[in-house]
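Each remark here refers to the structure printed beneath this line.
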Amino acid sequence: MSPAERTRPTGRDRLRDSTLAGDLSFLLARANARALAAANTALAAHGLKARSYSVLALAADDVRPTQRELAEFLHLDPSQVVALIDGLEQRQLVERHADPADRRANVLTATDAGRALFARAQDAVRAVGLDSLASMTPRDHERLAHLLRLLAFPD
Numbered sequence: 001m002s003p004a005e006r007t008r009p010t011g012r013d014r015l016r017d018s019t020l021a022g023d024l025s026f027l028l029a030r031a032n033a034r035a036l037a038a039a040n041t042a043l044a045a046h047g048l049k050a051r052s053y054s055v056l057a058l059a060a061d062d063v064r065p066t067q068r069e070l071a072e073f074l075h076l077d078p079s080q081v082v083a084l085i086d087g088l089e090q091r092q093l094v095e096r097h098a099d100p101a102d103r104r105a106n107v108l109t110a111t112d113a114g115r116a117l118f119a120r121a122q123d124a125v126r127a128v129g130l131d132s133l134a135s136m137t138p139r140d141h142e143r144l145a146h147l148l149r150l151l152a153f154p155d
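The opening position of the sequence shown corresponds to residue 1 in full-length UniProt numbering, with each subsequent residue numbered one higher.
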């Protein structure tokens, strides 16, 4: 074995030095996958996943989103949003109401049970988020959130 082969990183460390590991799109995708996996694990105890949690969060926030607004904001197909709402509605966590501004549209609100579940689930998600960002300073958290907002909401 040559000296270069003996000093070459092995396994996962070797891949961290790859060209791909420096690609911003890959890094964002990998960070997203890790964050989703951790969030889904925490949310499972509440019978939720990241997408259903997101819908419930917006319903509990009193912004009264329409189904179309949810689809656009969450970057999901409208049929996916309908399925998520149907699941939450079956559990009596959200309700659809006719939009007073446009009777053809429905707005979504959380029930009392939905608000209570959201509060518990939010605590679980925040705890996971803090754990996954433990190596970062509070200032790093703020900077990362700012940069992600710039990417998520470019307009």
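Ideal Cβ positions, reconstructed from N, Cα and C, are used throughout, including at glycine.
query, result
"Please say whether A60 and A110 have beta carbons closer to each other than 9 Å?", "yes"
"Count Cβ pairs between the region 111-119 and the region 133-142 that sit closer than 8 Å; are there 3 or more?", "no"
"Should Y53 and A39 be called a contact, given that it needs their Cβ atoms to be closer than 9 Å?", "yes"
"So, are the CB atoms of L88 and H97 less than 9 Å apart?", "no"
"Hey, is the region 73-90 in contact with the region 44-53, meaning 3+ C-beta pairs nearer than 8 Å?", "yes"
"In whole angstroms, what separates the C-alpha of L144 from that of T41?", "23 Å"
"Do A21 and L15 count as a contact pair if the criterion is CB distance below 9 Å?", "yes"
"In chain order, what residues of the same chain lie with their CB nearer than 8 Å to the CB of N65, ignoring the 5 residues before and after it?", "Checking the sequence shown, residue 65 turns out to be Pro, not Asn. Excluding sequence neighbours, P65 sits near L58, A59, F73, V107, L108."
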